[in-house]
Amino acid sequence: MIGVYFSGTGNSRYAAELFCKECGSEGYVFSIEDECVCEKIREAEEIVFSYPVQYSSVPIFVRDFIDENRGIWSGKKVFVIATMGLFS
13 MIGVYFSGTG NSRYAAELFC KECGSEGYVF SIEDECVCEK IREAEEIVFS YPVQYSSVPI
73 FVRDFIDENR GIWSGKKVFV IATMGLFS
């Protein structure tokens, strides 16, 4: 299991790391901005995807990343963590 995250403050990264560790994984996490993230997703069977809720929705950067890399998600188990502070 790997973690993939988008985070401005580090909260979404922390959530992905903690989830991976609690599931017995090494807790390796990668930003959607990392050059190697697509290769890591291809290699993984289970993925934790963590991002902050922005304006009650998925951030445009996350939506674009998912759309631009549609082929790498096929057959994967993906756990989504949407972090939110107060009223987003």
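Here the numbering used here = 1-based position in the sequence shown + 12.
By construction, the Cβ of each residue, glycine as well, lies at the ideal position given by its N, Cα and C atoms.
Since this is a predicted model, take the numbers as computed values, not measurements.
- The three-state reading of DSSP puts A94 in strand, counting E and B together.
- For F77, no beta strand (DSSP E) encloses it; the enclosing alpha helix (DSSP H) starts and ends at I72 to E80.
- Setting aside the 5 residues that flank it on each side, V74 is surrounded in the same chain by F18 and Y63, each with a C-beta closer than 6 Å to its C-beta; the list follows chain order.
- Per DSSP, reduced to three states, the secondary structure at E38 is coil, with no helix or strand assignment.
- Taking the Cα positions, W85 is about 11 Å away from E51.
- For the set Q66, E34 and V60, the Cα lying nearest the Cα of R25 is the one of V60.
- Secondary structure at K52: helix, using DSSP grouped into helix, strand and coil.
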